[in-house]
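Number of protein chains: 2
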Amino acid sequence: MKPAGAEDLACLSASDLAPRLRERTLRVVDVAEACLARIAARDEEVRAWSYLRPEQVRAEARRLDAAEVRGPLHGIPVGIKDVILTKDMPTQYNSPFYDNFAPAIDAACVATLRAAGALIFGKCDTVEFAAMGRRARTRNPHDLARTPGGSSSGSAAAVADLQVPLALGTQTGGSAIRPASFCGIYAMKPTWNAVSREGLKMYSASLDTLAWYGRCVGDLALVADVFALEDAEARALPPLQQLRIGLCPTPAWPQADAATVDAMASASTALTGFGVTLEEIVLPPLFDDILAVHDTIMIGEGVGAFLSEFRLFGEAIAPEFRRRLHDDNRYSRADLVRAYDIAAQCRVLFEQIAAPFDAILTPSSAGEATLGLASTGSANFNRMWTLLHAPCINIPVARPAGALPLGLTLAGPRYADRHLLAVAERLAPVIGADRSIAFPEARPADRRRDERQTG
Amino acid sequence: MKPAGAEDLACLSASDLAPRLRERTLRVVDVAEACLARIAARDEEVRAWSYLRPEQVRAEARRLDAAEVRGPLHGIPVGIKDVILTKDMPTQYNSPFYDNFAPAIDAACVATLRAAGALIFGKCDTVEFAAMGRRARTRNPHDLARTPGGSSSGSAAAVADLQVPLALGTQTGGSAIRPASFCGIYAMKPTWNAVSREGLKMYSASLDTLAWYGRCVGDLALVADVFALEDAEARALPPLQQLRIGLCPTPAWPQADAATVDAMASASTALTGFGVTLEEIVLPPLFDDILAVHDTIMIGEGVGAFLSEFRLFGEAIAPEFRRRLHDDNRYSRADLVRAYDIAAQCRVLFEQIAAPFDAILTPSSAGEATLGLASTGSANFNRMWTLLHAPCINIPVARPAGALPLGLTLAGPRYADRHLLAVAERLAPVIGADRSIAFPEARPADRRRDERQTG
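Protein chains in written order, with the working numbering: chain A, 1 to 455; chain B, 1001 to 1455.
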């Protein structure tokens, strides 16, 4: 067996790698070395990782090469957002209070990935507690002066920068889908609680959702298989020209910038060209305040989720954190209960509206990745979907030459995850970016911009 | 300072102990020794603990005696259900797969208790994963031939047997309130998610609720303070004769045995005698299938919660567990979504119905603790309240001489926890058991019955 070139292996998607690793035509150690080489070449600038020990990765790769049983993710490198517990690596939450915190326990999702043979590669940098406070040090691999989005900053950047084919993120507002849009990769946020959140840092129990990144729809489906996602109803996938797609600009639409407006328009044109039926969705008035409802639940639940941190670390907690989750206390428990009940109603209403469609097309972000690392961008185009518990898939869309990446979201009713993957597989070639956008090449040093110093 | 007798200290409630420990008129080590002595005398028979190291307890007690800062629970022994992570003790879930499993991490609730000065005493036995499978070895301290209820078996028995004044449990169906009824102690299951579940073994994210046991309403309130429970609205507590209590026998009422029927009747008579207004609540037809709705969510979510265990341990998993959460697969994801939406509607309806009342009075169990340890009793009187996310307080009620303990539940709308505590404080002297039932004395050996051998 001739080992493939290291650079080639790092460029392969998980779906490309999976059968070859399973059938032993490729060694796990070679894939691992390719990823490590890419990281060595690039990560001083991208800074995707909060913990990565090449020797540990190599030892685990050798163990997997020697293993008899080969699961569906055998030997595939997966980056883990650093708010998800891993038994053999620290989990530091990008919080000064958890330096080198390393409890010997796997989150349920990590245990499930391991049982499928995944090579748990390292921990990816995150906004503090996947909430607020300290930002990830990670930079956008497409433009180092820009944010990769957040809070799953390192996970998205690592996959976009060809450092690992898969990574786990989490989303409470727009923490998984927005970074995928900014970094030009595929992402799936499944139906709320379809994958166990045990062992994830909790922020908002009603919103927190595990998510994952890959380099094509097939990668997302591979992980969905491992997590045993199951649809509420088995729906046949019609041919392209019989697909019905609902367009939902969401109440955040006035915040969309020219890039996002153009992306929605271009995708619509492309889809119409292929005979797809498009129809604009009009949300009922109950949705007018949907972002406030989301905020009420996120902050209202966050107060309880971080109580132990406030009690343990008190005044040392970051001011932004203190203000939003402790001092302000601007939502009462009555507000929270009202928000729960409106959210529950909105879920039912949305699904009635979405029923005739194969998927809903909606922006993934207000625009391209913003400059600097102080802000990770706005989650306003993602928060409604998180609140609705709706599965979402980010597709990086075709852009004008030289433009930064941008994504659109396909969303669907709860537990339509599989159907959504099938629709995404069909639509990605129509609206999707070509690989030169989705897969950045290492650029010569003189083309790299310096990171803007941000507060 | 003359140390009080060991037996006395073990009999004291948390509310009795708290001010004395805080003001240093009592030493933590003396309280700890009293509890350890009680455990040494009794626990060979009661078997409440899955992990307890007297030397570890003594070292921690000495540390607390030396501490400058004194929190509201300073030095008060708390038993922790063994599905809740503790950084300095194993968490074994009563599962053969987790023997000596000891990750160095505290659940959020344990961290909060520690920050309040609590003496984390040991781990209390539980039904496997607080779900099903292996039963706790714990026996009911009032009658060793009977179950203490489950799944929080050890936590309830330890508090009832005067081994520790406080303990944490969890409830997904009736795992906290039913054991309190069977063991004759006070319990609080607060509003769903009012206390963080981070670090608890997850079974059903929409139902799992942290709960706690104490020896009086004041004990429950002390813990509620530490967890910063907050009501949706501040309601004045009217005098006893102006209280309005709704009676809700629940759709499980045909399963109530004579003891429970009598307890509801006796409590009603007593309350009426004090001038309390009672009114029977009629639940709308949507509630007819409420137990099926609960089961659909519990099992439907459990499938995902235990996916990693099924993947890791496969055929070795207990048959009952396998059947209900893997093989049967009797609920579809469509059933789950429907159940979510019905549950959300029921929450709104219940709260409209409950609005005119200060609390709802309802059974805590179908009857007294059942014989043997194979069954932990039926959760059918608790499951509706868990599904409604309603706060519940168990009050051990007055019983005929020689009878086993039995409890009734006060329930209320979401985030009425504080008001419910105030109502419970007022009603406990009217309907509550005297201390001779709530606080069993060690009985001579010849009065102990042998445990029935159960499968």
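In this text, a Cβ means the ideal position worked out from N, Cα and C, and glycines have one as well. Predicted, not measured: the structure shown is a model, and the values here were computed from it.
Beta-carbon contacts of Leu1229(B) that lie in its chain and below 7 Å, excluding the five residues immediately before and after: For the purposes of this step, residue 1229(B) is taken as residue 229 along the second sequence, with counting starting at 1. Closer than 7 Å at the Cβ level, and outside the excluded window around Leu1229(B), lie Pro1190, Ala1194, Asp1417, Arg1418.
DSSP state of Gln242(A) mapped onto helix, strand, coil: Position 242 of the first sequence, counting from 1, holds the residue named residue 242(A). Helix at Gln242(A).
Beta-carbon separation (whole angstroms), Ala1292(B) vs Ser1204(B), contact threshold 8 Å: Locating residue 1292(B) in the second sequence gives position 292, counting from the first residue. Locating residue 1204(B) in the second sequence gives position 204, counting from the first residue. Incorrect: roughly 15 Å between the Cβ atoms, too far for contact.
Check whether Ala359(A) and Gly412(A) have beta carbons under 8 Å apart: As a working note, residue 359(A) is residue 359 in the first sequence. As a working note, residue 412(A) is residue 412 in the first sequence. Yes, Cβ-Cβ distance for Ala359(A) and Gly412(A) is below 8 Å.
N-terminal and C-terminal residue of the alpha helix (DSSP H) that Pro1429(B) is part of: Here residue 1429(B) refers to the residue found at position 429 of the second sequence. Residues 1417–1431.
Below-8 Å beta-carbon distance, Thr112(A) vs any chain B residue: Against the first sequence, residue 112(A) aligns to sequence position 112. Chain B contact via Cβ: present.
Proximity test, Cβ basis, 8 Å: Ala1284(B) and chain A: Counted from its first residue, the second sequence places residue 1284(B) at position 284. The amino acid at residue 1284(B) is misidentified as Ala; the sequence shows Pro. So, not an interface residue.
Counterpart residues of Asn1394(B) in DSSP-defined beta bridges: The residue given as residue 1394(B) occupies position 394 in the second sequence. The partner list for Asn1394(B) (beta bridge, DSSP) reads Ala1187(B), Thr1409(B).
Alpha-carbon spacing of Phe1274(B) relative to Ser1364(B), whole angstroms: By 1-based counting over the second sequence, the position of residue 1274(B) is 274. By 1-based counting over the second sequence, the position of residue 1364(B) is 364. Roughly 22 Å between the two C-alpha positions.
N-terminal and C-terminal residue of the beta strand (DSSP E) that Thr1296(B) is part of: Along the second sequence, one-based indexing puts residue 1296(B) at 296. No beta strand (DSSP E) holds Thr1296(B); the alpha helix (DSSP H) holding it covers 1290–1305.
Option in Met298(A), Pro429(A), His74(A), Gly150(A) with minimal Cα separation from Ala116(A): On the first sequence, residue 116(A) is found 116 positions in, with the first residue counted as 1. Closest by alpha carbon: His74(A).
Proximal residues, the region 1078–1110 of chain B versus chain A, C-beta separation under 7 Å: Pro1103, Ala1104, Ile1105, Ala1108
Buried or exposed (CB count within 10 angstroms, at least 16 for buried), Asp1219(B): Counting from 1 along the second sequence, the entry for residue 1219(B) is found at position 219. Buried is the call here.
CB contact below 8 Å: Ser308(A) versus chain B: Mapped onto the first sequence, residue 308(A) falls at position 308. Chain B, which has a Cβ nearer than 8 Å to the Cβ of Ser308(A), makes this yes.
Ala1359(B), enclosing beta strand (DSSP E) - first and last residue: Within the second sequence, the letter at position 359 stands for residue 1359(B). Segment 1359–1363, the beta strand (DSSP E) holding Ala1359(B).
Proximity of Leu404(A) and Glu368(A) at Cβ, strictly below 8 Å: Translated into the one-based positions of the first sequence, residue 404(A) becomes position 404. Translated into the one-based positions of the first sequence, residue 368(A) becomes position 368. Yes, the pair counts as a contact, with Cβ atoms nearer than the cut-off.
Proximity of Thr1147(B) and Phe1097(B) at Cβ, strictly below 8 Å: Numbered from its first residue, the second sequence carries residue 1147(B) at position 147. Numbered from its first residue, the second sequence carries residue 1097(B) at position 97. Against a cut-off of 8 Å, the Cβ pair of Phe1097(B) and Thr1147(B) comes out as no contact.
Residues near Thr1126(B) in its chain [Cβ-Cβ closer than 6 Å; skip 5 each side]: Numbered from 1 along the second sequence, position 126 holds the residue referred to as residue 1126(B). Lys1081, Asp1082, Val1083, Asn1094, Ala1136, Ser1151.
Environment of Ala1224(B) [buried if 16+ CB atoms lie within 10 Å]: On the second sequence, residue 1224(B) is found 224 positions in, with the first residue counted as 1. When all chains shown are included, Ala1224(B) counts as buried.
Chain-ordered chain B contacts of Gly218(A) [CB-CB under 9 Å]: Numbered from 1 along the first sequence, position 218 holds the residue referred to as residue 218(A). Chain B residues near Gly218(A): none, gap ~21 Å exceeds 9 Å.
Cut-off 8 Å between Cβ atoms - residues of its own chain near Ile297(A), not counting five sequence neighbours on either side: As a working mapping, residue 297(A) is identified with position 297 in the first sequence. Within the same chain, Ile297(A) has close Cβ partners Ser204, Ser206, Leu207, Leu336, Ala339, Tyr340, Ala343, Leu387.
CB contact check: Glu230(A) to chain B, cutoff 8 Å: Translated into positions along the first sequence, residue 230(A) becomes position 230. Judged by the 8 Å Cβ criterion, Glu230(A) is in contact with chain B.
Short-range partners of chain A found in the region 1297–1330 of chain B, where Cβ spacing is below 7 Å: Glu1301, Gly1304, Ala1305, Leu1307, Ser1308, Arg1311, Leu1312
Chain B contact for Asp341(A) (CB, 8 Å cutoff): Walking along the first sequence from the start, residue 341(A) turns up at place 341. Yes - at least one Cβ of chain B is within 8 Å of the one on Asp341(A).
Helix, strand or coil at Ser1015(B) [DSSP, three-state]: Within the second sequence, numbered from 1, the residue matching residue 1015(B) stands at position 15. Note: Ser1015(B) maps to helix in three-state DSSP.
Contact set between Ala414(A) and chain B, taken where Cβ atoms lie within less than 9 Å: To locate residue 414(A), count along the first sequence from 1; it is residue 414. It is worth fixing the name first, because residue 414(A) is Arg in this sequence and not Ala. Residues of chain B passing the Cβ test: Arg1333, Leu1336, Val1337, Tyr1340.
Cβ-Cβ separation, Gly1246(B) to Ala1354(B) (assumed contact under 8 Å), whole Å: Numbered from its first residue, the second sequence carries residue 1354(B) at position 354. Numbered from its first residue, the second sequence carries residue 1246(B) at position 246. About 6 Å separates the two Cβ atoms, so the contact holds.
Ordered list of alpha helix (DSSP H) runs contained in the region 1320–1349 of chain B, each at least 4 residues: none
Residues of its chain near Gly302(A), where Cβ-Cβ distance is below 8 Å and the 5 sequence neighbours each way are ignored: Within the first sequence, the letter at position 302 stands for residue 302(A). Ala131, Tyr203, Ser204, Arg324, Leu325.
Rounded separation between Gly1174(B) and Asn1380(B) - CA only: Within the second sequence, numbered from 1, the residue matching residue 1174(B) stands at position 174. Within the second sequence, numbered from 1, the residue matching residue 1380(B) stands at position 380. Straight-line Cα distance between these residues: approximately 7 Å.
Straight-line gap, Thr362(A) to Ala48(A) (C-alpha atoms, nearest Å): For the purposes of this step, residue 362(A) is taken as residue 362 along the first sequence, with counting starting at 1. For the purposes of this step, residue 48(A) is taken as residue 48 along the first sequence, with counting starting at 1. If I take the Cα positions, the gap works out to 28 Å.
is_contact[Ala40(A), chain B] using C-beta, thresh 8 Å: Taking the first sequence and counting its residues from 1, the one referred to as residue 40(A) is at position 40. Closer than 8 Å: no.
Rounded Cβ spacing between Leu1349(B) and Pro1284(B) (contact assumed at less than 8 Å): As a working note, residue 1349(B) is residue 349 in the second sequence. As a working note, residue 1284(B) is residue 284 in the second sequence. About 6 Å separates the two Cβ atoms, so the contact holds.
Beta carbon proximity, Glu1128(B) to chain A, threshold 8 Å: For the purposes of this step, residue 1128(B) is taken as the residue at position 128 of the second sequence. No, because no Cβ of chain A sits closer than 8 Å to the Cβ of Glu1128(B).
Short CB-CB distance (under 8 Å) between Leu202(A) and chain B: Counted from its first residue, the first sequence places residue 202(A) at position 202. Sequence inspection shows Met at residue 202(A); the Leu mentioned does not correspond to that position. By this cut-off, Met202(A) is an interface position.
Proximity test, Ala194(A) beta-carbon vs the ligand ATP heavy atom, cut-off 7 Å: As presented, the structure is devoid of all ligands, the ligand ATP included, so that no description of it is given.
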